[in-house]
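A quick write-up on the structure given underneath.
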Amino acid sequence: MLKFVKQNLENIDGVAIYPIISLLIFFVFFVALFAWVITAKKKYLQEVSALPLEDPQTPNQP
0 MLKFVKQNLE
10 NIDGVAIYPI
20 ISLLIFFVFF
30 VALFAWVITA
40 KKKYLQEVSA
50 LPLEDPQTPN
60 QP
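Numbered according to numbering that gives the first Met the number 0, the sequence shown spans residues 0 to 61.
In structure tokens:
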């Protein structure tokens, strides 16, 4: 099956750019996520991390 896919991809012009674009998107996403984690406020992170442990509040029902 890999030969079939490889043979079809070799016929597409400019197909070599797609792995490079994918790697760049992957790298930029995780660098941005890392930067957000470093710059995030500790109070906000503590509040968000405690959300699953809090008791559910009563829903607003009309």
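Virtual Cβ for every residue (Gly too), placed ideally from N, Cα, C.
Here the structure is a predicted model, which is why all the values come from computation and not from measurement.
Distance CB(residue i)-CB(residue j) smaller than 9 Å
i	j	result
Leu22	Val14	no
Where the alpha helix (DSSP H) containing residue i begins and where it ends
i	result
Asn7	1-9
query = Unbroken beta strand (DSSP E) runs of length 3 or more, entirely within the region 7-47: which are they?
reply = For the region 7-47, there is no continuous beta strand (DSSP E) assignment of 3+ residues that stays within its boundaries.
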